[in-house]
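Using our numbering, you'd call the opening residue of the sequence shown number 126 and step up by one each time.
Notes for the one structure printed next.
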Amino acid sequence: MRTDTFVTARVPIPQLEDCVLSIADHFTEAFHAEHREVRDLLLALIDAFKSGDSAQVRKLVETLSEAIGPHFRYEEEAVYPGLLPIFGRQHVDKLLSDHDDTIRGIRELAELAELVMLNDLEEIGEDQAAWGIELVREILPHVSDCDGLSIMVETLPEDDVVHILATRDAARETNADLLTWARTMRARHV
Ligand SMILES: [Fe+2]
Numbered sequence: 126m127r128t129d130t131f132v133t134a135r136v137p138i139p140q141l142e143d144c145v146l147s148i149a150d151h152f153t154e155a156f157h158a159e160h161r162e163v164r165d166l167l168l169a170l171i172d173a174f175k176s177g178d179s180a181q182v183r184k185l186v187e188t189l190s191e192a193i194g195p196h197f198r199y200e201e202e203a204v205y206p207g208l209l210p211i212f213g214r215q216h217v218d219k220l221l222s223d224h225d226d227t228i229r230g231i232r233e234l235a236e237l238a239e240l241v242m243l244n245d246l247e248e249i250g251e252d253q254a255a256w257g258i259e260l261v262r263e264i265l266p267h268v269s270d271c272d273g274l275s276i277m278v279e280t281l282p283e284d285d286v287v288h289i290l291a292t293r294d295a296a297r298e299t300n301a302d303l304l305t306w307a308r309t310m311r312a313r314h315v
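Quick look at the structure:
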């Protein structure tokens, strides 16, 4: 099939001199980078379950909780409230409920990793590995779903995006892992 029509209809590629990052671009870059990190950790966790490597599973679950904690925190404290006028309450509640699911999933993965450690298993059993992979696959779609929020954030007033980035900085400074934040700081309990 010829694609000339599509090619000529494309938006021109920005030239180097146009590439000064706006505050929204800065947010989007940081947001993408965080989702990529979590995506890669989740995919590595699937591999670790497949190979039955219990030490790697434990390490990855811990790293995931550390990576997701500050991310969820600033999403809930600044991104979601900022998007409320666009999405409305119902969808923001759905986003929060997706976070609830992820927190439960990471908690179950941490329990699974601990169980393996308590039983001093160097290799994870087939059933445990299958359960672990299922838990990871339940979390994965949130990463790609969430990444799309940046297309809405870029429509917000600059002050709102500045507030989001400042809240992100504060969350990263406190640096509470996901399970600690969910247990001790998050208003919503799961
Ligand atoms: Fe996210």
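Beta carbons are placed, not taken as given, at the ideal position from N, Cα and C, and that holds for glycine.
| message | I'd like the span of the alpha helix (DSSP H) that includes leucine 240, first residue to last. | response | 214-243
| Thinking just about the alpha-carbon of each residue, which of Leu274, Thr309, Ala301, Arg308 is nearest to the one in alanine 203? | Leu274
| said: Closer than 7 Å to a non-hydrogen atom of ligand 1 - does that hold for the CB of histidine 196? | reply: yes
| Smallest Cα separation from valine 261: which of Leu281, Asn244, Gly230, Glu201? | Gly230
| message | Taking 7 Å as the cut-off, is the beta-carbon of histidine 216 closer than that to any non-hydrogen atom of ligand 1? | response | no
| Pick from Val278, Cys271, Gly213: whose alpha carbon is nearest that of histidine 196? | Cys271
| glutamate 279, DSSP secondary structure in three states | coil
| query | Using CA coordinates, which residue listed in His224, Val241, His267, His288 is at the minimum distance from isoleucine 148? | reply | His288
| request: Answer yes or no: the CB of glutamate 187 versus the heavy atoms of ligand 1, is any distance below 7 Å? | output: no
| Where the alpha helix (DSSP H) through arginine 311 begins and ends | Looking at the DSSP string, arginine 311 is not in any alpha helix (DSSP H), and its letter there is neither H nor E.
| Is it buried or exposed for histidine 267, if we count other Cβ within 10 angstroms and need 16 for buried? | buried
| Taking the alpha-carbon positions, what's the threonine 309 to isoleucine 276 distance? | Roughly 31 Å separates the two Cα atoms.
| message | Quick check: is any heavy atom of ligand 1 less than 7 Å from the C-beta of glutamate 202? | response | no
| task | Tell me glutamate 298's beta-bridge partners as DSSP assigns them. | result | None, per the DSSP bridge assignment.
| field | Classification of glutamate 200 by the beta-carbon crowding that lies within 10 angstroms, buried from 16 upward | value | buried
| Own chain, CB closer than 8 Å to threonine 280, minus 5 neighbours either side, in chain order | Ile211
| task | Give me whichever residues DSSP pairs with aspartate 178 in a beta bridge. | result | Glu248
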